[in-house]
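For the sequence shown, the residue numbers in full-length UniProt numbering are 1 to 706.
Virtual Cβ for every residue (Gly too), placed ideally from N, Cα, C.
A quick note: this is a predicted structure, and the numbers were derived from the prediction, not measured.
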Amino acid sequence: MYLAISIFDFILQLVLFPVWLLAALTVRRLATRPDTRRLRRGARIASVFTLLGLLLAAGRLLTFSLMAQLDWALVGDRRVITTLLLLLPGVLATLVLSLPRVLGAARRSGPDEAVAMAAPRITVPPQLAAFGAGGGFFEKFLPPDRSPGLNYPVYGLILVAGALWLAVRARRRADRLSGRVPVQRRRGRTLAVRLGTAVVVLAVIGTALTLESQRSRFPDTFSMMKGTMDYGGGSTFAAGHEGHHGTSADPVSLHGQGTGHGTGQAAGAGAVSVDDLKGPTTGTPDRRYTLTAQEAKIELASGRTVDAWTFNGQIPGPELRMKQGELVEITLVNKLKDTPVSTHWHGLDVPNGEDGVAGVTQDAVQPGGTYTYRFRVKERGTFWYHSHQASSEEVQRGLFGPMVIDPAQPLRPVDQDVTVQAHTWDTSRGPVTALGTSDVLDHRTASPGQKVRLRLVNSDIVTRVFTLTGVPYKVTAIDGMDINEPGELTGRRLVTAGAGRLDVEFTMPSTPVRLAFEDAPDAGIAFSADGKGSLAPNFGGEEFDKTSYGRPASQPFGAGSTYDRKFDLVLDDWLGFYDGGFALRQTINGRVFPDAPMLMVKEGELIRVRFLNRGQEDHPMHLHGHHVLVLSHNGKPLTGSPIWQDTVLVRPGEEWEVAFKADNPGIWMDHCHNFGHAQLGMVMHVAYENVTTPYQVGGKAGNRPD
């Protein structure tokens, strides 16, 4: 609902400004009409634009009210400024002062009516409304702020100054038209002054934009520890609080217990580097794998070709299969010509030094280089791996693959265990979405009575919707974590976040079964007894609601627990310069990487985080090194199975409250897994007390951790 309202509100913003501008211009010109007939006609036109502007303004107030009813935090920033503070005064003044006289002039006009229409109380209100509507038109240029009340006096002064300036200007014009001030027309001089003023204004604006563009550029190299340090507190979205700024690479020490702000300072003895937080260095691995990054031309099932970057010459990369508790050693070999790489184990709570994030836990592996990861597997379920160096390009081109971790003892044996990865490829014939390399319908054989498990992995940056048609089924795991007592479902739309996973299990009937997803309805997998049957997919079902699915079970903490630190994170966007370019920056609490808030924690603490999406796009928020327990959705606690996730999908207007225990020391990325959003600033970190990193963004290694 919020998304539809916000889109309608955005359309109103775009239309409101030109309509009020036309209203202001037509009202202002009434005083120059040469006769009563033209005055009446001009007043009718001005009345139409003014009434339309009032109608649109009422619509803006309605959308504001509807969003505020959903959650005040959705409007308690720029929308308060542009709607209530800037727009409303001019609209009300027009309704009370200007419109009655304009409507009167449209019905009857005397010989002195034109001069009377130049009065400031008639001409200024619609100009003030146009000024306020312009604030909405340029709303995305206003920085999102969790504490907009701090800015109210500034915008109030702007509004008052604008009103006074317009009033003085209108009074002078009225005097001139009435003959009290002689009119001396010096057109050449006036034109020269106006041109000169325009040149000066454009020069000032151009200089300011150039300086802002340069100021936004990243340094050649900097630490990921740069930015705002947030020590947690009991703040609300509307009130908010500011963190403290840390220095470039200094570890910090947290002072005091409980919620609130501490004071960052350089740590002394006992500081730990991420290089010290490694997996076991001794012992014979239970599994050894080698992943070789190399170029290859891959043909999809349809015949389209992909100029891919691959692991071991295939896309997706090879499935890495292991058992819970095993010691795993994975060697990354880079045979790409001029592209550094790394490998991150998405959803695995590995030691920080094995996390594979270039610029945070290691330097990117240069062409011709190798790097070895060693860790013991704690989880079980469906996961995946991908490059975390320039991820927006490298993952899209193919540097990813699935990971399946079996329990030490099988819990639910199945006859077929099928892993599928939804991904969009840039091919010789344009972008195409596929399951792995299958961009057409894949026919597979499954005998009636067989138990089938589908491991659905969304390796794309966007949200995907899967459906399973022709059979009842159960969702047995989300992000690799088991659901407690899952119930039987039929025909649901299985919404999967970018980087998210769902495990779905069913018993094969005697009739065909179809796995499909909305963005490629002609692709997917058709299961049948002879491997030839099929049926049409059904995309018309209800959306799967994970918050009420399954049955409750006891957990180590929950909604009623006492939390040591609380963080409120508002996701939004803001037009402006970012690293030298003009873009729609993706913000967290009004800031972008590398100045986005760094959540400071201490080992052993319980942490509560609340996300609110105030924008118009999905944000799959992924915390490295930890799983979070979902506490509530839009203020309502879960009524079904406990949900543990590593990637929480926060859709427009949604609020998700999650919690985790700080039990894995390090410096951990916490970012939107839409890599395009991460590229535009939606990256922050969770940093533990006294942990530091020697690695830098940029530099000789060319580290790009997005």
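In this model, V683 and H386 are separated by some 17 Å (Cα to Cα).
Here DSSP, grouped into helix, strand and coil, assigns I5 to helix.
Every beta strand (DSSP E) stretch that sits fully inside the segment 578-602 and reaches 3 residues is listed by chain position as 581-588, 597-601.
Per DSSP, reduced to three states, the secondary structure at G42 is helical. Annotation: D276 to G353 spans about 7 Å, alpha carbon to alpha carbon. The beta carbon of T511 sits closer than 7 Å to those of G470, all from its chain and outside the five residues before and after it, given in chain order. Taken through DSSP and simplified to helix, strand or coil, G227 comes out as strand.
Per DSSP, reduced to three states, the secondary structure at I667 is strand.
Taken through DSSP and simplified to helix, strand or coil, I607 comes out as strand. Per DSSP, S632 is one residue of the beta strand (DSSP E) stretching across 628-633. Cβ neighbours of V650 within its own chain (closer than 8 Å, five residues either side excluded): L571, F611, L612, N613, D618, H619, P620, M621, W656.
Counting the other CB atoms within 10 Å of its CB gives A73 a total of 16 or more, which places it among the buried residues.
Within the UniProt domain "Plastocyanin-like" (294-408), the alpha helix (DSSP H) runs of at least 4 residues that lie entirely inside it are, in chain order, 391-394. In the displayed model, I525 falls within a strand according to three-state DSSP. Excluding sequence positions up to five before and after S213, its CB lies within less than 8 Å of the CB of F577, G580, G581, F582, all in the same chain and listed in chain order.
In the three-state DSSP reduction, I478 falls in the strand class (E or B). When the beta-carbon positions are compared, Q616 and V630 stay at least 9 Å from each other.
For G132, the enclosing alpha helix (DSSP H) starts and ends at 120-137. In summary, L411 is exposed, with fewer than 16 beta-carbon neighbours lying within 10 Å of its beta-carbon over all protein chains present. Looking at the DSSP output, V15 shares a beta bridge with no other residue. The DSSP-derived three-state label of G640 is coil. In this structure the segment 271-289 lies against the segment 325-339, because at least three pairs of beta carbons, one per stretch, are closer than 8 Å. With a cut-off of 8 Å on Cβ pairs, the segment 24-31 is in contact with the segment 125-136, counting three or more such pairs. Taking the Cβ atoms as the reference, T370 lies roughly 5 Å from V333, within the contact range of under 8 Å. For E505, the enclosing beta strand (DSSP E) covers residues 501-507. The segment 623-643 makes contact with the segment 541-550; the number of CB pairs closer than 8 Å reaches 3 or more. The alpha-carbon of A536 is positioned some 37 Å away from that of L623. Shown here, T692 sits in a strand according to DSSP, grouped into three states.
The three-state reading of DSSP puts G699 in coil, since its state is none of H, G, I, E or B. Under the DSSP assignment, V650 falls in the beta strand (DSSP E) whose first and last residues are 647-650. Beta-bridge analysis with DSSP links N613 to L571. Under DSSP, no beta-bridge partner is assigned to R704. Separation of the CB atoms of E505 and R551 is rounded to 17 Å, and the pair is thereby denied contact status at 8 Å. Within 10 angstroms of the beta-carbon of K566 lie 16 or more other beta-carbons, which makes it buried. By the Cβ neighbour-count rule, Q69 is exposed, with fewer than 16 other Cβ atoms within 10 Å of its own.
Under a 10 Å Cβ-count criterion, P448 is classified as exposed, with fewer than 16 other Cβ atoms of the shown protein chains found around its own Cβ.
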